[in-house]
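One structure is given here, and the rest of the page talks about it.
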Amino acid sequence: MSLLDRVQQKSQQAAGQQGANPGAPGVPPSAPPAAPPVPPPTPALPPQQQMPPAPGGAGLLSRTQPQQAPVQQTALAAPPETPSLPPQPSPAPQDEEDVAGGAGWGVRKAPADGGEAPAQQPQTRQTLLSRTGGISTVTQRQNAAGASFQNLRQLVKQRLVGEMAEEEDIALPPHVIRQRIEELVGEISAELNLNLTRVDRQRAVESIVQDVIGFGPLDSLIADPNISEIMINGPSQIYIEHAGKLVLSEVQFESSEQLMQVIDKIVSSIGRRIDESSPMVDARLKDGSRVNVIIPPLALCGPTMTIRKFAKERYQTNDLIRFGSVTDDMLTFLRACVRGHLNMIVSGGTGSGKTTTLNILSAFIPDTERIVTIEDAAELQLQQDHVITLESRPANVEGKGRIAIRDLLMNALRMRPDRIVVGECRGGEALDMLQAMNTGHDGSMTTIHANNPHDCIARLETLVLMAGAELPARAIREQIGSAVHLITQQSRLRDGTRKMTSITEVLGKVGDTVKTQEIFTFKQTGIGEDGKVLGYFTPTGNIPRILRKLRAEGEDVPEEIFDPSRVSKLAS
């Protein structure tokens, strides 16, 4: 059966369903079985006094209503001095105490004095039925229009996919795909007898283009430069981070199936897969934005995806100063530390800006050095020319072929790197990173999830133990004390701002612990009326011991920047 035959068959089925649905456009509705019989129209009445047809289509709700005989005057009648009005085709008013539903429609209650009850008012009942019938008809028409619109979108996408499959994997440019979508919308809407307005036609085209070329409803969120993170909790709940605050977006997916189509498109673009056997995956967009996906049965609320966006233009050091994340003195010291080949760890919580800080610190590396970057999902944006980017690989369907960061790190040692930059240490690769820092690859950098520099040292010890090496705690601390020179702490404050709250020097192993000293710190003083965090950066007064090493590398750092009197207050 051809596609056109299937379309016609679906159209006939839809018409049959509308015939069974009262109030559907163009189909006479059947009379409601529970409605009482309506008195036949009185032929003696002139045509202008008959009730106009009710706005509900043909049938019971559109019959001409008879004009009732005048009702005997009761306490509800108008005062004598009020001139009588000529008979109107509108229905008689209903008392406030009339029953507003059920069999009591249009029946007045008996007077309080026990007199004779007024005659029935079938006009009131018929009017209410007409009103509810009209509302029901409008709702049915809207539902039918929505179903037809969805049917149109599905048929256009099916036919387009079939045509693109016949192109023998030829990549068609976006403007050609858009043009063909516009043509298919016109053709299939004519086959389905849909009278689309110009606005509806354009809306259908844009919706299909987003699904085929882009990422459906996410396109508008991804294109918004003011949104830094997109959190999708199932098809009907999407949160965004705007100006550091979480806000529920009005954007939604039509169904879990549409959301899974977008997820498959993102994951497959980098050669990865996601299904019930592999329900978690890390991926990235073309602009470098980080993507994490987890689907049922692990995610009970439906497919869940988190997108960490990156700025289209890479942040520079001046941007950090403008944002109030660091001071010029702090950047002067960090620039000298990077150029002086000090090993550094960027510590911080989730979403605190660790990757952004690592990108900016890596910009201080001279162009003459060979850099190897290792990540789970490549997101670092180094500006140098001589950069080798390595990315880990998950296992295949058979559970084989996995290449972990640790494997890449050991291989990188054979690639003659001047520096090794690991996107994040979260397992046994921490031991290999420390060994690389201790075996001639000075100036290497990585990130770790930790709340403060002291916790960073403790977490580093734990990660080394995850490597499976039977090393005593003393040996691990000696490795950390000799390999790591500096820890920069990133924090996301309660107002959504991100700041480098500490720069700490690692002095080495002293006794049974790794000794450190803080060089710069951020002191919070309160919360402003607008909710902004108040505080200032200040040196602690400790002179770094690594100044001698920096000067030996040709990096002259003025000691006055470590004077506590040089306090940089932040504007509220």
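In this text, residue positions in the sequence shown follow my numbering: the first is 4, and each later residue adds one.
We treat Cβ as the ideally placed atom computed from N, Cα and C, and that holds for glycine.
Whole-Å CB distance - residue i paired with residue j, under 8 Å assumed
{"i": "residue 467", "j": "residue 498", "result": "No, residue 467 and residue 498 are not in contact; Cβ-Cβ is about 36 Å, not under 8 Å."}
{"i": "residue 526", "j": "residue 481", "result": "With a Cβ gap of about 33 Å, residue 526 and residue 481 do not count as contacting."}
{"i": "residue 216", "j": "residue 177", "result": "5 Å"}
{"i": "residue 363", "j": "residue 320", "result": "6 Å"}
{"i": "residue 493", "j": "residue 360", "result": "6 Å"}
{"i": "residue 433", "j": "residue 463", "result": "6 Å"}
Inter-residue spacing [alpha-carbon to alpha-carbon] between residue i and residue j
{"i": "residue 569", "j": "residue 336", "result": "14 Å"}
{"i": "residue 546", "j": "residue 430", "result": "33 Å"}
{"i": "residue 367", "j": "residue 443", "result": "19 Å"}
{"i": "residue 288", "j": "residue 555", "result": "42 Å"}
{"i": "residue 557", "j": "residue 343", "result": "8 Å"}
{"i": "residue 205", "j": "residue 190", "result": "14 Å"}
{"i": "residue 231", "j": "residue 534", "result": "20 Å"}
{"i": "residue 388", "j": "residue 161", "result": "44 Å"}
{"i": "residue 241", "j": "residue 233", "result": "7 Å"}
{"i": "residue 396", "j": "residue 424", "result": "18 Å"}
{"i": "residue 370", "j": "residue 385", "result": "11 Å"}
{"i": "residue 562", "j": "residue 246", "result": "36 Å"}
{"i": "residue 199", "j": "residue 158", "result": "16 Å"}
{"i": "residue 228", "j": "residue 184", "result": "28 Å"}
{"i": "residue 560", "j": "residue 567", "result": "16 Å"}
{"i": "residue 588", "j": "residue 552", "result": "The first residue shown for the chain is 4 and the last is 575, placing residue 588 beyond what the model contains."}
{"i": "residue 194", "j": "residue 186", "result": "13 Å"}
{"i": "residue 208", "j": "residue 256", "result": "17 Å"}
{"i": "residue 153", "j": "residue 251", "result": "25 Å"}
{"i": "residue 350", "j": "residue 379", "result": "18 Å"}
{"i": "residue 507", "j": "residue 254", "result": "43 Å"}
{"i": "residue 210", "j": "residue 270", "result": "21 Å"}
{"i": "residue 455", "j": "residue 226", "result": "34 Å"}
{"i": "residue 262", "j": "residue 249", "result": "21 Å"}
{"i": "residue 441", "j": "residue 339", "result": "20 Å"}
{"i": "residue 213", "j": "residue 316", "result": "24 Å"}
{"i": "residue 472", "j": "residue 478", "result": "11 Å"}
{"i": "residue 327", "j": "residue 514", "result": "38 Å"}
{"i": "residue 1", "j": "residue 305", "result": "The displayed coordinates of the chain run from 4 to 575. Any statement about residue 1 would go beyond what the structure contains."}
{"i": "residue 405", "j": "residue 565", "result": "47 Å"}
Nearest residue (CA-CA) to residue i, options the options
{"i": "residue 510", "options": "248, 346, 318 and 178", "result": "346"}
{"i": "residue 244", "options": "354, 307, 267 and 282", "result": "354"}
{"i": "residue 348", "options": "534, 460 and 480", "result": "460"}
{"i": "residue 341", "options": "250, 550 and 564", "result": "550"}
{"i": "residue 392", "options": "381, 402, 400 and 302", "result": "381"}
{"i": "residue 437", "options": "187, 278 and 486", "result": "486"}
{"i": "residue 329", "options": "300, 539, 257 and 559", "result": "539"}
{"i": "residue 301", "options": "483, 440 and 282", "result": "282"}
{"i": "residue 516", "options": "501, 476 and 532", "result": "476"}
{"i": "residue 375", "options": "471, 338 and 422", "result": "422"}
{"i": "residue 284", "options": "290, 203 and 298", "result": "298"}
{"i": "residue 181", "options": "163, 339 and 320", "result": "163"}
{"i": "residue 276", "options": "291, 295, 455 and 362", "result": "295"}
{"i": "residue 449", "options": "334, 268, 470 and 408", "result": "408"}
{"i": "residue 584", "options": "291, 520, 427 and 426", "result": "Residue 584 lies beyond the range of the chain shown here (4 to 575); nothing can be said about it."}
{"i": "residue 490", "options": "406, 235, 505 and 155", "result": "505"}
{"i": "residue 416", "options": "373, 428 and 453", "result": "373"}
{"i": "residue 314", "options": "305, 358 and 279", "result": "358"}
{"i": "residue 453", "options": "445, 404, 465 and 478", "result": "465"}
{"i": "residue 412", "options": "426, 404, 400 and 399", "result": "426"}
{"i": "residue 273", "options": "218, 564, 520 and 394", "result": "394"}
Environment of residue i [buried if 16+ CB atoms lie within 10 Å]
{"i": "residue 418", "result": "exposed"}
{"i": "residue 258", "result": "exposed"}
{"i": "residue 402", "result": "exposed"}
{"i": "residue 201", "result": "exposed"}
{"i": "residue 307", "result": "buried"}
{"i": "residue 140", "result": "Since pLDDT at residue 140 reaches only 48, below the 50 mark, its modelled position is unreliable, and the value read off the structure follows with that caveat. Flag for residue 140 reads buried."}
{"i": "residue 69", "result": "A caution first: residue 69 carries a pLDDT of 44, below 50, which makes its placement in the model unreliable, though a value can still be read off. Buried, because 16 or more other Cβ atoms sit within 10 Å of the Cβ of residue 69."}
{"i": "residue 469", "result": "exposed"}
{"i": "residue 63", "result": "Annotation note: pLDDT 36 at residue 63 (below 50); position unreliable, coordinate value reported separately. Buried, by the Cβ-count rule."}
{"i": "residue 280", "result": "exposed"}
{"i": "residue 303", "result": "exposed"}
{"i": "residue 519", "result": "buried"}
Within-8 Å CB hit, residue i to chain B
{"i": "residue 254", "result": "Reference to chain B is not applicable here, since this structure consists of a single protein chain."}
Residue i CB to nearest heavy atom of the ligand SAM below 7 Å
{"i": "residue 339", "result": "For the structure depicted, the ligand SAM is absent and the ligand set is empty, with no information on it obtainable."}
>> Going residue by residue through the segment 272 to 309, where are the continuous beta strand (DSSP E) segments of at least 3 residues, counting only ones entirely within it?
In response: Within the segment 272 to 309, the complete beta strand (DSSP E) runs of at least 3 residues are 283 to 287 and 293 to 297.
>> At 3 residues or longer, what runs of the beta strand (DSSP E) sit wholly inside the segment 318 to 397?
In response: Runs found: 347 to 351, 374 to 378 and 390 to 394.
> If you scan the segment 197 to 255 from start to end, which runs of the alpha helix (DSSP H) of 4 or more residues do you find wholly inside it?
Replying inline: Counting only runs of 4 or more, we get 201 to 215 and 221 to 226.
>> Just to confirm the assignment: which complete alpha helix (DSSP H) runs, minimum length 4, are found wholly within the segment 459 to 493?
In response: Segments of the alpha helix (DSSP H) lying fully in the segment 459 to 493: 476 to 486.
> For the segment 496 to 535, which segments carrying the alpha helix (DSSP H) assignment without a break, of at least 4 residues, lie completely within its bounds, in sequence order?
Replying inline: Qualifying alpha helix (DSSP H) stretches: none in this window.
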